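Counting along the sequence shown from 1, when you hit position 356 you're at 434 in our numbering, and nothing is skipped either side. Here the structure comes first, spelled out in structure tokens, and everything after it is commentary.
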Amino acid sequence: MSVGPQYYRLPNECTRATLRRALIEDLGLSSDGRETVKREYLDSFDWRIAGSGYLLEIETAADGVMLTRRPLSPGAASRPLSLVLPAAPRTADDIPAASLRTWLADRLDLRALTRVARLHSQVERFSLRDADGKQRVRVAIQRDHIVDHADRQHDLPRRLLIEPLRGYEADAQGLLASLRRQWKIKAFGTDPFHLAVAANGRVIGDYDQKVSFNLNPYQRTDATVREILRTLLITMERNEDGIVQQIDTEFLHDFRVAVRRSRSLVGQVKGVFAPAELARFKDDLGWLGQITGPGRDMDVYLLDFDKLGAGLPEAQRPHLAPLKAFLAAHHRIAYDELARDLRGKRYRQFRRDWHRYLGAPLPLVSNEPNAMRPIRHVANERIWRLYRLALAEGGAITPESPNDDLHELRKTCKKLRYLMEFFRSLYPPIKLDENVRALKKLQDFLGLFQDLEVQSAKLHEFERQMREAGELPPETESAIESLVAHMLDEQAGLRSGFEDLFQAFSDAGNQAHYQALFAPDGSVSTNQT
């Protein structure tokens, strides 16, 4: 037996009454009473706790809630860790215990905890004690009832819990051996947590913002593109409630990424759908990019506010407090407006019609030039074209070029990265990673360079709005001006680093990698190395 608690499945002939009698009369355990326990399981929307091999459960306690972290796998050696909190935590900051707070923060990052399942249990507890009354083994007979999202209960078979206390594992082993001489008792291989999650229509690991497709290189391009776009639409839908409820900032982030990827794919893989049919949807995707922008802007400024102030002398940082209050107020306004749009007619109609369009049967013969070609051919051409465009744009940039030229290169690199992510499974992963590394470094630089310019302009806009509203103290105005100057100085300092990064992206070796993978040669190869 492991050092942790272990659940066991009871055969039908082992009724609660007969098991209770055996525990008390034959094995000398004492009864500690019966109770109903209501548990809620917490995790991030993308399963960061379960993905780490643990689960978090809360039970109502006399002075708040009992939070327990325990291994997800039955019988794991790690012992449960419990503490009492005033209320169920949403983030790591709600945890007073430093070690658990750090553990949780490392896994959650920007995500919040939400309830992913509920379980109500009737539990009768017993104890094996020594002659001095010291508890050595905890035992429980448990009957669980899953509670789904509609508050319906689903009964599960009874379970037997045997939990040895530290140093008394042999007592627990002997107790289990005695019971097994009477009944066929087997260890539970599945935690009821999995069943409770399934009752709510979910499975651990069923959401991941990362794009991952297992594509057939010989499949028609129109079929492949529809498959990717449907997946992106589902990603958008799955994040809607989290945006409206403002659970955490990653819901809006993931929604916007799915919109941008959809727009990029529709715009880059040309000759697949009739332009007239796509025009309305391209307009709607552009509209979604616009209405989600203000909320995301406020998210970014508030999340990075402390870093923002780090660019100022320490004496000036407190003067940014009115700016933070302004951003918080506009954050609420932006999210309220976005929630109305996501519950509004235009978005509902877009979602319905986009589903219908992407799910419609493909024509046996298409007049669009790329629709019926194998996706590997089209992917090669589009990626190769974008790479050459990036080389041309970047190669034309000199120290005297306007910042807009770097911005155009950033957009081209982003489109290139999206295509390589969409079609990743068509290429040998090791070779593709070599291409992505240099691209990512260049992208990160261009993104930071552009962010500094956009954020400095936004700060001037916020400054104007605060002044017009009478909410701009002179000290705050001075602090904002200093912050803008610091950002522009930082951007100017970055500019000199472009040449080295672009050289790595455009050197002969990297170009050879791109040519070997993507240069069209009229053949369709598989993703084998």
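Virtual Cβ for every residue (Gly too), placed ideally from N, Cα, C. This one's a predicted model, so the numbers in the text were calculated from it and none came from an experiment.
- Around the Cβ of Gln-220, a 10 Å sphere holds 16 or more other Cβ atoms; the residue is buried.
- Assignment of Phe-123 by DSSP, reduced to helix, strand and coil, places it in the coil class.
- According to DSSP, residue pairing for Gly-142 in a beta bridge involves Ala-139.
- Shown here, Tyr-132 sits in a strand according to DSSP, grouped into three states.
- Ala-218 places its beta carbon 8 Å or farther from that of Arg-207.
- Counting other Cβ atoms within 10 Å of its Cβ, Ile-102 stays below 16 and is therefore classed as exposed.
- The C-alpha of Tyr-119 lies about 11 Å from the C-alpha of Arg-148.
- Across the set Asp-187, His-564 and Ala-255, the C-alpha of Asp-187 shows the shortest separation from the C-alpha of Glu-328.
- With a cutoff of 8 Å on beta-carbon distance, Arg-308 and Leu-436 are scored as near each other.
- Taking the Cβ atoms as the reference, Arg-374 lies roughly 10 Å from His-409, outside the contact range of under 8 Å.
- Under the DSSP definition of a beta bridge, Tyr-85 partners with Leu-239.
- In this structure, Ser-130 is the residue among Val-225, Ser-130, Asp-483 and Asp-419 with its C-alpha nearest to the C-alpha of Gly-283.
- Taking the CA atoms as reference points, Pro-477 sits about 44 Å from Arg-126.
- With a cut-off of 8 Å on Cβ pairs, the region 539-548 is in contact with the region 390-408, counting three or more such pairs.
- In the three-state reduction of the DSSP assignment, Pro-164 falls in the coil class, being assigned neither a helical nor a strand state.
- Contact annotation: Arg-488 and Leu-517 have beta-carbon atoms that are not nearer than 8 Å.
- Within the same chain, Cβ atoms closer than 8 Å to the Cβ of Pro-174 are found at Leu-161 and Leu-163, the five residues on either side in sequence being excluded.
- About 7 Å separates the Cβ atoms of Val-194 and Arg-280, confirming a contact at the 8 Å cut-off.
- Taking the C-beta atoms as reference points, Glu-459 is found no nearer than 8 Å to Ala-352.
- Excluding residues up to 5 positions away in sequence, Leu-420 lie with their Cβ nearer than 6 Å to the Cβ of Glu-318 in the same chain.
- Residue pairing for Asp-233: DSSP places it in a beta bridge opposite His-223.
- With a contact defined as Cβ atoms closer than 8 Å, Ala-406 and Leu-380 qualify at about 7 Å.
- Annotation: Val-514 to Glu-137 spans about 46 Å, alpha carbon to alpha carbon.
- Around the CB of Ser-290, fewer than 16 other CB atoms lie within 10 Å, so the residue is classed as exposed.
- Partner residues in the beta bridge of Phe-204, as assigned by DSSP, are Ser-109 and Val-217.
- By the CB criterion at 8 Å, Thr-299 and His-198 fall outside the cutoff.
- A distance below 6 Å between beta-carbons, with the five flanking residues on each side excluded, links Asn-448 to the following residues of its chain, in chain order: Thr-299, Gly-349, Val-350 and Val-456.
- Its Cα nearest to that of Leu-467, the residue Glu-486 stands out among Glu-539, Asp-482 and Glu-486.
- Secondary structure at Arg-244: coil, using DSSP grouped into helix, strand and coil.
- The C-beta distance from Leu-561 to Leu-390 rounds to 6 Å, short enough to meet the 8 Å contact threshold.
- In the displayed model, Ser-199 falls within a strand according to three-state DSSP.
- Taking each of Gln-287, Val-303 and Tyr-285 in turn and checking the Cα distance to Leu-293, the smallest one comes out for Val-303.
- The Cβ neighbour count for Gln-84, taken over all protein chains shown within 10 Å, is at least 16; the residue is labelled buried.
- Short of 8 Å from the beta carbon of Asn-278, and not among the five residues preceding or following it, lie these beta carbons of its own chain, in chain order: Val-194, Ala-195, Asp-226 and His-227.
- Contact between Leu-572 and Phe-527 holds: their C-beta atoms lie close to 5 Å from each other, under 8 Å.
- Taking each of Tyr-592, Asp-377, Glu-568 and Arg-418 in turn and checking the Cα distance to Tyr-465, the smallest one comes out for Tyr-592.
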